[in-house]
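Numbering (the working numbering), first residue to last: 2 to 254.
To keep things clear, I will list the structure first and then write my remarks on it.
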Amino acid sequence: MTKTIIETEKLCKSFSSGGIQQHVLKNLDIRLFEGDFTIIMGSSGSGKSTLLYALSGMDQPTLGRIDFAGKNLVKLNNDQLAVFRRKHCGFVFQQIYLLDNMSVLDNVLASGLLVNKNKRELVKESKELLLQVGIHENSWSKFPTQLSGGEAQRVGIVRALINRPKVLFADEPTGALNSAASKRVLDVITNVHDNGQSIVVVTHDIQTALRGNRILYLRDGVICGDLQLGAYCESENDERHEKLKHFLAEMGW
Numbered sequence: 002m003t004k005t006i007i008e009t010e011k012l013c014k015s016f017s018s019g020g021i022q023q024h025v026l027k028n029l030d031i032r033l034f035e036g037d038f039t040i041i042m043g044s045s046g047s048g049k050s051t052l053l054y055a056l057s058g059m060d061q062p063t064l065g066r067i068d069f070a071g072k073n074l075v076k077l078n079n080d081q082l083a084v085f086r087r088k089h090c091g092f093v094f095q096q097i098y099l100l101d102n103m104s105v106l107d108n109v110l111a112s113g114l115l116v117n118k119n120k121r122e123l124v125k126e127s128k129e130l131l132l133q134v135g136i137h138e139n140s141w142s143k144f145p146t147q148l149s150g151g152e153a154q155r156v157g158i159v160r161a162l163i164n165r166p167k168v169l170f171a172d173e174p175t176g177a178l179n180s181a182a183s184k185r186v187l188d189v190i191t192n193v194h195d196n197g198q199s200i201v202v203v204t205h206d207i208q209t210a211l212r213g214n215r216i217l218y219l220r221d222g223v224i225c226g227d228l229q230l231g232a233y234c235e236s237e238n239d240e241r242h243e244k245l246k247h248f249l250a251e252m253g254w
């Protein structure tokens with residue numbers, strides 16, 4: 002039986018703006034499973050990123066429960082959440098947030114040293130991961146401004162993976178990339194998933210969504226669709242595309 006890694010119960014998130022209460026997430030009951038590549042889709046303002054931030058402990062819900070790897074995140078204070086995120090979550094964003102005054106290798110090491118104090122071990126693992134995503138030795142001493150957007154995002158993925166997170170979270174990871182760089186980044190993320198990594202991605206991009214095995218569709222803060230696409234296989238891309246296109250049409254995409 003597939004193991005549940007994140008489960009929510011009656012998850013709600015509200016904001017107050019100008020004295021008016023805006024309900025962004027509404028009583029969500031969700032189960033995410035270990036080893037899945039889950040895609041969260043929906044129109045702008047549907048609550049996709051808000052849900053991602055809540056699931057990952059980056060933001061606290063207004064009401065409800067979030068069980069993540071046996072911990073109820075709602076009961077943790079800010080310091081405890083920070084420690085939990087460092088140990089169990091990896092993050093990849095559209096804005097890459099590499100430190101411009103540090104080399105590629107040092108950007109990865111800086112993240113790893115927050116959890117693992119064995120620098121020799123970290124250096125070895127960082128170099129192995131960089132090679133796996135196609136960032137070779139001649140780029141390890143470069144600074145982020147010397148990289149292309151696609152290269153920088155692949156470094157960002159390595160940084161997110163260096164602490165061996167239980168879940169890799171990504172918010173529009175290819176949103177700022179051209180099509181060739183996007184495909185390279187998606188190939189890296191797909192390979193990471195094929196090696197057993199649990200992944201949750203928010204996207205509006207069809208090509209990104211095709212890589213997932215499960216699509217959750219969010220509308221006005223409510224999950225209104227749940228599509229099982231199965232494991233990604235490039236040779237079956239046309240069939241997957243038709244299935245996803247039909248699902249999104251039903252959702253009013």
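All C-beta atoms in this analysis are idealised placements derived from N, C-alpha and C, irrespective of residue type, glycine included.
query	result
Under 9 Å between C-beta atoms of G90 and S57	Here the sequence assigns Cys to residue 90, which means Gly is not the residue at that position. Contact: yes.
M42 (DSSP reduced to helix, strand or coil)	strand
Boundaries (first-last residue) of the beta strand (DSSP E) holding H24	I21 to F34
Unbroken stretches of the beta strand (DSSP E), 3 residues or longer, contained in the segment 127-205	168-172 and 199-203
Beta-carbon contacts of L77 that lie in its chain and below 8 Å, excluding the five residues immediately before and after	G58 and F85
Whether L131 touches V159 by CB criterion (9 Å)	yes
Buried versus exposed call for N196 [16 or more other C-beta atoms within 10 Å across all chains shown]	exposed
Buried or exposed (CB count within 10 angstroms, at least 16 for buried), T39	buried
Spatially closest choice to L169 from H194, T204, L230 and K143, by CA coordinates	H194
L110 versus M252: straight-line alpha-carbon distance, rounded	43 Å
Straight-line Cα distance separating G36 from G231	12 Å
Euclidean distance between Cα positions of K120 and S112	11 Å
Where L211 falls, given that 16 or more other Cβ within 10 Å makes a residue buried	buried
Whole-angstrom C-beta distance between L249 and G43, which should lie under 8 Å	Rounded, the Cβ-Cβ distance is 10 Å, inconsistent with contact.
Residue span of the alpha helix (DSSP H) that contains I207, given as start and end	I207 to A210
Length of the line joining the Cα atoms of S183 and I136	15 Å
Straight-line gap, V156 to L33 (C-alpha atoms, nearest Å)	26 Å
Through-space distance from D221 to G46, alpha-carbon basis	7 Å
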